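The block underneath contains the structure these notes are about, expressed in structure tokens.
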């Protein structure tokens, strides 16, 4: 049986050992985190839009530097690359579908 050790800042510190979670538990936790961060992103953009409406002049002048404004405006257009590897039937396609929020990859 696999065991995970609890996190400790010192190697001499006694750590608590517990069984490693199953793939299903890990996938469920990951799915939950993806949903959480998706909701955070939505709330952040709602907050930014609200601030733009309430303080349109301030947003153009003193609340952000030009560099911060450009970074914020370029955020939606940024792209990332993600490599997903694993054994056959380990849930790679399900993970990608969950990450993207749809049924883009065929699953068994």
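Residue numbers (the numbering used here): 13 to 120. Idealized CB from N, CA, C, for every residue including glycine. For clarity, every value in this text was computed on a predicted model and none was experimentally measured.
Proximity of residue i and residue j at Cβ, strictly below 8 Å
i: residue 118; j: residue 105; result: yes
i: residue 46; j: residue 95; result: no
Range of the contiguous alpha helix (DSSP H) that encloses residue i
i: residue 108; result: 104-112
i: residue 45; result: 35-66
Per-residue DSSP class, three states only, for residue i
i: residue 99; result: coil
i: residue 86; result: helix
i: residue 91; result: coil
i: residue 77; result: coil
Distance cut-off 7 Å: residue i Cβ against heavy atoms of the ligand HEM
i: residue 111; result: Ligands are entirely absent from the displayed structure, and the ligand HEM is therefore not among its contents.
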